[in-house]
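**Q** Okay, here's the structure, questions in a sec.
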Amino acid sequence: MPIKKQTRKVHPQKRDCPGCGCTNGQKALVKDRKARGRVWKHIETQNHPNAIKLLFHKEKETDMTSTKKQSRNDARNLALDTLLTIEKEERPSHLVMRDMLRAHPELVLREERFYRKLVSGVLEWRLKLDYIIDQFSKTKTKKMKPVIREILRLAVYQIYFLDAVPDSAAVNEAVRMAAHRGFGNLRGFVNGVLRSAARGKDRISWPDRETDPIRFISIMYSMPVYLTERWCRTLGKEKTELVCTSFQKQAPLTVRFRDELLERKAECRQELQEAGISVTPAPYISYAGYLSGITDLEKLPAFAEGRITVQDVSSMLAVEAAGIQQGNLILDLAAAPGGKSLLASDLMKGNGRIIARDVSEQKAGLIRDNIKRLQVENIEVQVHDGTVLDPSMEGKAEVVIADLPCSGLGVIGRKPDIRYEASDEKTESLVQLQRQILKNAVRYVKPGGTLLYSTCTFDPRENEENVEWILKNSDLKSDPLKNFLPPELAEEAGNRNYLQLYPGIHACDGFFIARFRR
3 MPIKKQTRKV
13 HPQKRDCPGC
23 GCTNGQKALV
33 KDRKARGRVW
43 KHIETQNHPN
53 AIKLLFHKEK
63 ETDMTSTKKQ
73 SRNDARNLAL
83 DTLLTIEKEE
93 RPSHLVMRDM
103 LRAHPELVLR
113 EERFYRKLVS
123 GVLEWRLKLD
133 YIIDQFSKTK
143 TKKMKPVIRE
153 ILRLAVYQIY
163 FLDAVPDSAA
173 VNEAVRMAAH
183 RGFGNLRGFV
193 NGVLRSAARG
203 KDRISWPDRE
213 TDPIRFISIM
223 YSMPVYLTER
233 WCRTLGKEKT
243 ELVCTSFQKQ
253 APLTVRFRDE
263 LLERKAECRQ
273 ELQEAGISVT
283 PAPYISYAGY
293 LSGITDLEKL
303 PAFAEGRITV
313 QDVSSMLAVE
323 AAGIQQGNLI
333 LDLAAAPGGK
343 SLLASDLMKG
353 NGRIIARDVS
363 EQKAGLIRDN
373 IKRLQVENIE
383 VQVHDGTVLD
393 PSMEGKAEVV
403 IADLPCSGLG
413 VIGRKPDIRY
423 EASDEKTESL
433 VQLQRQILKN
443 AVRYVKPGGT
453 LLYSTCTFDP
463 RENEENVEWI
473 LKNSDLKSDP
483 LKNFLPPELA
493 EEAGNRNYLQ
503 LYPGIHACDG
513 FFIARFRR
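Per the numbering used here, the sequence shown starts with residue 3, numbered consecutively.
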């Protein structure tokens, strides 16, 4: 029997094809994911026009690229996950970011930097971003679903703050993210709000600086009204703006060069510069410097070997103000992660004893890690709650360092989410905690010894008012601070026993230092 020659069906080109709906409906059908298998099979068995084949292949390729972009490992999706976790779990942003990056080591450096920029940028500018979104959305941000709200914040941040990201890319990726997270029905809403925001940059009605200065500062610097009101009362409007401006600038990476302090061969700065890292002197402290151009600090030999350690100048000033001498017994009451104890050890050239305490084993572990890296031998780490009196240490310490838990307002530039957690209730609770610890700290100071009290905030309730409380409730006396400060700060301190440092006004974090003597 003769073999029947198989012939391929000729595709009908002058009428709609019942197999795929072309020529009129081909594009829409190709985008219908439920029909993909049927459409592809039809194209393979029919003599389809090349233009339609190319259309399908292009759509398939676009879909694959989109899927790759929408994997949970890309920067935008990781940023979204991070922001949602911070809001849900109320954990500090730097810890959530650390955990997220450890869970995704496959991120290349470029993606990691973009991820960090997105998360930090949205946290820093959250109030301003919400203000912008509310200008273009009938549904206000407070009433939005958390996922959609964070997607819009991420996109608006890219549109308004990142020149390197085209507006169209920010919009399109946001729409894809909404669909990817199960909100395909809100793609049109996301698209409409963001396109309006991109077109309307010059049409936003901002608060008026003259008639409503507190609202102006709050929105323009993304600072809660609670803080702007309080700072305007205590600092004045001009000083408040200087402080807020400093928080929106990238804080420098400040390190301490241990070789210089220990009078060892000091080649560390040159070594870093030869490795392509920019090193510039920091103010106030001769052995401090700013580093830039670092991709991974922990992989630097100078850091791994303990020849440099991260510490802000303000923290170094506090230890210098303690007037530490060789042979001293020093008690550091809230020591984690150990920066002040380690500097104290170097100032004593290892000749003396330091007891570094903190409230939990986890915090004690951070101190031990840094002691090991810096190879210091005269620090003893203890887990101890500072609110509980230790009778064995009464009247024993030449220097007691009480750098206590505080509202952290001075380091908002490094930890942007702190601003959203501030409240009168939290501050009052912190003041009570500080005074419980200070009550015990006073008892540990031996005759002739020193109590060094410090915080990384500039709230008078935690600072100046605590100074008055100590003087009223103990036999400690004020000890002028100017003798322990660099000239440019000594004049400002005058004859007082304390100094308040402000970000944006002083070249360091916001910090408070007070000195007392028995």
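Cβ coordinates follow ideal geometry from the N, Cα and C atoms, glycine included.
On the DSSP bridge list, what partners appear for G291?
**A** Looking at the DSSP assignment, G291 forms a beta bridge with V257, P283.
**Q** For G340, report the span of its alpha helix (DSSP H) as first-last.
**A** Segment: none, G340 is in no alpha helix (DSSP H) and carries neither H nor E.
**Q** If we call anything under 7 Å between Cβ atoms a contact, is N380 one with S347?
**A** Contact: yes.
**Q** Note down, in chain order, each residue of its chain lying with its Cβ closer than 7 Å to the Cβ of P209, except the 5 sequence neighbours on either side.
**A** R217, F218, I221, listed in sequence order.
**Q** Please classify T213: does DSSP put it in a helix, a strand, or coil?
**A** Here T213 sits in coil by DSSP.
**Q** Can you grab the Cα-Cα spacing for the pair R112 / H182, in whole Å?
**A** Approximately 23 Å between the Cα atoms of the pair.
**Q** Could you pull the DSSP bridge partners for I381 from this structure?
**A** Beta-bridge pairing links I381 to I356.
**Q** By Cβ distance, which residues of its chain are closer than 8 Å to T389, with the 5 residues on each side in sequence left out?
**A** Once the five neighbours on either side are set aside, the close Cβ partners of T389 are L435, Q438, I439, N442.
**Q** According to the Cβ coordinates, are L125 and P505 closer than 7 Å?
**A** No.
**Q** Looking at C-alpha atoms only, which residue of S207, R416, R205, C234 is the closest neighbour of P2?
**A** Nothing can be reported for residue 2: it is not among the residues displayed for the chain, which extend from 3 to 520.
**Q** In or out: D511 buried (at least 16 other Cβ within 10 Å) or exposed?
**A** Buried, by the Cβ-count rule.
**Q** Report the CB separation of F513 from G412 in whole angstroms; it is logged as a contact under 8 Å.
**A** The Cβ separation is near 6 Å, so the contact holds.
**Q** Return the chain-ordered list of same chain residues with a C-beta closer than 7 Å to the C-beta of Q160, the five sequence neighbours on each side being excluded.
**A** Hits under 7 Å: V167, A172.
**Q** Expressed to the nearest angstrom, what Euclidean distance is found between the alpha-carbon atoms of V312 and N187?
**A** If you take the alpha carbons of V312 and N187, they lie about 48 Å apart.
**Q** Mind checking I134: buried by the 16 CB within 10 Å criterion, or exposed?
**A** It is buried - the Cβ of I134 has at least 16 other Cβ atoms within 10 Å.
**Q** Taking 7 Å as the threshold (C-beta atoms), are V469 and A516 in contact?
**A** For A516 and V469, yes; Cβs fall inside 7 Å.
**Q** Within a Cβ cutoff of 6 Å, which residues of the same chain sit near R74, ignoring the five residues on either side of it in sequence?
**A** Confidence in R74 is poor, its pLDDT being 43 and thus under 50, which makes the residue's placement too unreliable to answer from.
**Q** Could you check where the alpha helix (DSSP H) with P449 kicks off and where it finishes?
**A** Taken as a continuous stretch (DSSP letters only), P449 belongs to no alpha helix (DSSP H), being part of the beta strand (DSSP E) at 447-457.
**Q** For E1, which of V121, Y117, A290, E108 has the nearest alpha-carbon?
**A** Summary: the structure shown does not reach residue 1, with the chain confined to residues 3 through 520, and so no result is reported for it.
**Q** Between K203 and T236, what straight-line distance do the alpha-carbon atoms span, to the nearest angstrom?
**A** Cα to Cα, the separation comes out at about 34 Å.
**Q** Whether or not the stretch 473-485 and the stretch 414-430 are in contact is what I'm after, with contact meaning three or more pairs of Cβ atoms, one per stretch, closer than 8 Å; do they touch?
**A** No contact exists between the stretch 414-430 and the stretch 473-485.
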